[in-house]
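Following our numbering, the numbering of the sequence shown begins with 11 at its first residue and continues without gaps.
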Amino acid sequence: ARFVDLAGDDHLPWIGNTDAILGEIEEFLTGVRTGAEPDRVLATVLFTDIVGSTARAAELGDAAWTDLLHAHHARVRDQLGRYGGREMRTTGDGFFALFDGPARAVRCAIALSEMLRPLGLLIRAGVHTGEVELRGEQIEGIAIHIGARIAAIAGPGEVLVSRTVKDLVVGSGLAFTEAGTHELKGVPEPWQLFKAG
């Protein structure tokens with residue numbers, strides 16, 4: 011036996027934080043705690059990356075590159091706020107963001123591509139919609155990998171989207187051109203991609 015002190019004012023096992031109580035009981039009886047099932051939700055992922063960032067950093071020097079990167083980050087965060095995106099992570103010179111709708115993500119990516127040009131920066135962006143698993147602040151799922159692979163294929167200044175995104179935004183006023191069918195590394199079957207804008 012062991013004593014476990016759980017936070018809270020409740021004294022009955024069926025009131026309050028029942029997951030914590032049941033987790034402790036499960037661990038005591040089996041020696042293992044399985045944890046709560048993750049939330050699976052439909053979400054749109056956006057990945058961006060500065061094209062030629064290493065060469066640009068070498069050209070500018072560390073101090074100037076850091077200043078430019080701060081300006082880039084500020085503009086990206088401003089647009090994420092404007093379009094309802096949630097910053098998930100930064101990757102040095104790129105962003106991974108989550109949106110509750112694909113049209114917002116595509117519009118945000120187009121705006122970013124246009125507003126970063128005056129800074130002398132070209133970005134590539136990839137957008138995909140699919141189910142993701144949310145575990146607290148962590149996000150996982152194949153949809154994230156697909157979005158990242160799409161961004162990696164995009165050319166300088168391009169916003170590429172999956173067919174899923176294109177089909178979901180019908181009627182939004184967004185325009186797309188075919189960008190071909192591509193193999194996405196580690197993802198089964200070829201994917202048809204479209205250029206936004």
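All residues carry an ideal CB built from backbone N, CA and C; glycine is no exception.
Residue i versus residue j - alpha carbon distance
i    : j    : result
I156 : V197 : 7 Å
E191 : R66  : Note that residue 191 is Thr in the sequence shown, not Glu. Distance between the alpha carbons of T191 and R66: 31 Å.
L78  : Y93  : 23 Å
P128 : D29  : 51 Å
A73  : R85  : 19 Å
G102 : L132 : 15 Å
T11  : E34  : The residue you asked about is not Thr; residue 11 is Ala in the sequence shown. Approximately 12 Å, taken between the alpha carbons.
E124 : E193 : 28 Å
S63  : F106 : 17 Å
A68  : R99  : 24 Å
W201 : G183 : 23 Å
Cβ distance (whole Å) where residue i is taken to contact residue j below 8 Å
i    : j    : result
A135 : A164 : 6 Å
G167 : A185 : With a Cβ gap of about 16 Å, G167 and A185 do not count as contacting.
A53  : F109 : 7 Å
Environment of residue i [buried if 16+ CB atoms lie within 10 Å]
i    : result
P112 : buried
H80  : exposed
L16  : exposed
F13  : exposed
V137 : buried
T139 : buried
L90  : buried
A119 : buried
L203 : buried
Beta-bridge partners of residue i, as assigned by DSSP
i    : result
E199 : According to DSSP, E199 bridges with nothing at all.
H138 : V55
A164 : Its beta-bridge partners do not exist; DSSP assigns none.
T191 : Q202
Beta-carbon gap between residue i and residue j smaller than 8 Å
i    : j    : result
K195 : R159 : yes
V116 : V61  : no
V169 : K205 : yes
I152 : V55  : no
E143 : R50  : yes
G104 : T58  : yes
H82  : L126 : yes
P48  : R114 : no
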